[in-house]
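Below is one structure; the comments refer to it alone.
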Amino acid sequence: MMTGDLNLTNILLVTVASLLVLFPPILFYIRLKRIADTNEIIFRLNRHLEIRQILDSVKELLSQRYRHLRVELLYLDRHKGVLKWLGDNGWVHFHITQDSLFLQSSLRNRVMKTSKGALKGSLDREIADTLSLEEFVLIPFSMSVLSYYSKGFGRLSYICDGGRESCLHNKGKNIYERYLQCRQCEAFSALGLVVLQSRSRPLGLREIKEIQRIITMPAVAQCLYNASLYEWTRYLSTKDELTGLYNYRGLIENLNMEIARARRFNHSLSLLFIDIDDFKAVNREKGHLYGNIFLKRLAQRLSAHTRASDYACRFGGDEFVLLLPDTGKVTALTIAFRIRSDLDNHVNQEGCSLSIGIATYPEDGSSTEELIDAAERAMRRAKEEGKNRIIL
Numbered sequence: 157m158m159t160g161d162l163n164l165t166n167i168l169l170v171t172v173a174s175l176l177v178l179f180p181p182i183l184f185y186i187r188l189k190r191i192a193d194t195n196e197i198i199f200r201l202n203r204h205l206e207i208r209q210i211l212d213s214v215k216e217l218l219s220q221r222y223r224h225l226r227v228e229l230l231y232l233d234r235h236k237g238v239l240k241w242l243g244d245n246g247w248v249h250f251h252i253t254q255d256s257l258f259l260q261s262s263l264r265n266r267v268m269k270t271s272k273g274a275l276k277g278s279l280d281r282e283i284a285d286t287l288s289l290e291e292f293v294l295i296p297f298s299m300s301v302l303s304y305y306s307k308g309f310g311r312l313s314y315i316c317d318g319g320r321e322s323c324l325h326n327k328g329k330n331i332y333e334r335y336l337q338c339r340q341c342e343a344f345s346a347l348g349l350v351v352l353q354s355r356s357r358p359l360g361l362r363e364i365k366e367i368q369r370i371i372t373m374p375a376v377a378q379c380l381y382n383a384s385l386y387e388w389t390r391y392l393s394t395k396d397e398l399t400g401l402y403n404y405r406g407l408i409e410n411l412n413m414e415i416a417r418a419r420r421f422n423h424s425l426s427l428l429f430i431d432i433d434d435f436k437a438v439n440r441e442k443g444h445l446y447g448n449i450f451l452k453r454l455a456q457r458l459s460a461h462t463r464a465s466d467y468a469c470r471f472g473g474d475e476f477v478l479l480l481p482d483t484g485k486v487t488a489l490t491i492a493f494r495i496r497s498d499l500d501n502h503v504n505q506e507g508c509s510l511s512i513g514i515a516t517y518p519e520d521g522s523s524t525e526e527l528i529d530a531a532e533r534a535m536r537r538a539k540e541e542g543k544n545r546i547i548l
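Numbering (the working numbering), first residue to last: 157 to 548.
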């Protein structure tokens, strides 16, 4: 009996000793594999500059590593106010709404597990239908892991919490109001979401944490941040320097995007083509500098009539275009009358008036060129028929 006990003790001691000997190499192998994985990710991401290419690489990497999971990526385009899904045929845009769980997860940097049946917001249901989601997990990715050194303060987190001196105070503001306030800040941290849906077995906590570790690595965050800066410069190239509205390039990009969206969801959209009658007289009598001031004020008043989903654009010279997604001809006409009524006092005192042409998708055209041409022709008719009027 004593001999058996000794043998069992010896076996246990040998087993423990073996584990102690093997544990350091195993731990070393795990760490080495993590370093190799990190280098692979950095190598893949550093080959690209555009956010689309980087997200495509992240999706490919996660899909290869977790074959039992369906991986989708949503990018928070803070400049355009949309969530963008990287589908097989390119970007699909979803206009941000206040009640969106997807937006809440991204802004609060919080992992959320939910299902299609639990979604209440219109945006969330639209995303779930488009991506064919049932039960899924949202994992946010952001720049909050980045940091920098500030003289007199030391190490600071590179994340915007609305507390900078240049920002308004957040007291009493909800998370959506903070987003609207802070989204143009250079330190705005939220970048988007990884959406995970299991193909077979339930998604485990360990897998969620591992994926979260990968997408929040400083190297990944730095690549995403660099890409977001590149996106910002591209965004600036679509803005008119004088008025701050979208320029012609911005109009074309957004109109292409909205036509694709309207076609996909069988919605309408309308264009208002606005021309200032007799504007040349203002420049001739009061100078071009005063004319620029006049255009800037008019642009500000025009922006006041736009919803978050609308696009106010300066087409060129004294011509403006208002792009109205999800808007039929009747509603567009109502908006046009409201704009002309509100701007009458502003333009009339300078001896000017507004001629407005309206075109609607798909009745007046199904392409960018057809819609712009139809709206411009309607505006020309308004001028030919005596100016200061609206033509459908």
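A virtual CB, placed ideally from N, CA and C, is assigned to each residue, including glycine.
This structure is a prediction, so every number in the text was calculated from the model and none was measured.
Whole-angstrom distance between residue j and residue i, CA atom to CA atom
i: G273; j: K436; result: 58 Å
i: F120; j: P358; result: Since the first residue shown for the chain is 157 and the last is 548, residue 120 is missing from the structure and cannot be characterised.
i: L514; j: R463; result: Residue identity differs from the one stated: residue 514 is Ile in this sequence, not Leu. Their backbone Cα atoms lie some 18 Å apart in a straight line.
i: I408; j: T524; result: 7 Å
i: T372; j: L287; result: 24 Å
i: Y335; j: L263; result: 8 Å
i: L257; j: L279; result: 9 Å
i: M535; j: D434; result: 14 Å
i: Y386; j: E206; result: 7 Å
i: R223; j: R420; result: 29 Å
i: L352; j: R390; result: 30 Å
i: E552; j: R281; result: Because residue 552 is not part of the residues shown, which for the chain are 157 to 548, the question remains open.
i: E540; j: R533; result: 10 Å
i: P374; j: E506; result: 56 Å
i: D498; j: F250; result: 30 Å
i: A538; j: T487; result: 19 Å
i: G243; j: R208; result: 10 Å
i: K395; j: R453; result: 16 Å
i: N422; j: Y446; result: 44 Å
i: I198; j: F493; result: 54 Å
Distance between beta carbons of residue j and residue i, contact taken as under 8 Å
i: I495; j: H461; result: 5 Å
i: V293; j: I364; result: 6 Å
i: L218; j: I367; result: 6 Å
i: L232; j: L239; result: 6 Å
i: G521; j: A530; result: 5 Å
i: L225; j: S384; result: The Cβ separation is near 26 Å, so there is no contact.
i: L427; j: L527; result: 5 Å
i: G610; j: D255; result: Not covered by the structure: residue 610. The range shown for the chain is 157 to 548.
Contacting residues, own chain, Cβ-Cβ under 7 Å from residue i (five flanking each side not counted)
i: E146; result: Absent from the structure is residue 146, since the part of the chain shown begins at 157 and ends at 548.
i: C379; result: L201, N202 and I210
i: R448; result: Per the sequence shown, the amino acid found at residue 448 is Asn instead of Arg. Once the five neighbours on either side are set aside, the close Cβ partners of N448 are L398.
i: S213; result: R200, L201 and H204
i: N544; result: D433, S509, L510 and S511
Spatially closest choice to residue i from the options, by CA coordinates
i: G473; options: N439, I371 and E216; result: N439
i: L411; options: L548, F471, D434 and I295; result: F471
i: S393; options: R281, G406 and T399; result: G406
i: S298; options: I207, T270, L289 and A346; result: A346
i: E519; options: A538, L548, E532 and K539; result: L548
i: S511; options: S522, E526 and F429; result: F429
i: T253; options: V227, L229, W247 and I283; result: I283
i: A468; options: T483, Y332, Y402 and S522; result: Y402
i: V245; options: A416, K452 and R362; result: First, the amino acid is wrong: residue 245 is Asn here, not Val. Considering only alpha carbons, the answer is A416.
i: K485; options: I546, E441, S465 and R453; result: I546
8 Å Cβ cutoff, residue i in contact with chain D
i: S271; result: Note that chain D does not occur in the displayed structure, where there is just one protein chain.
Secondary structure of residue i, DSSP reduced to three states
i: K215; result: helix
i: A464; result: coil
i: R536; result: helix
i: S424; result: coil
i: C338; result: helix
i: V238; result: strand
i: M373; result: coil
i: I547; result: strand
i: Q353; result: strand
i: G273; result: helix
i: V267; result: coil
i: C508; result: coil
i: H204; result: coil
i: T516; result: strand
i: E397; result: coil
i: D482; result: coil
i: H444; result: helix
i: R223; result: coil
i: I252; result: coil
Cutoff 8 Å; reference residue i; Cβ partners in own chain excluding five residues on either side
i: S261; result: V267, M268, L294, P296 and L349
i: H235; result: R339, Q340, E387, W388 and Y391
i: G328; result: Confidence is the limiting factor: at G328 the pLDDT is only 48, short of 50, which leaves the residue's position unreliable and the question unanswerable from this model.
Contacting residues, own chain, Cβ-Cβ under 6 Å from residue i (five flanking each side not counted)
i: A418; result: L425 and Y517
i: I432; result: D474 and C508
i: V248; result: W241
i: Y455; result: The question names Tyr, yet the displayed sequence has Ala at residue 455. So the qualifying residues of the chain are T399 and L401.
i: S271; result: E291
i: Y332; result: Q254
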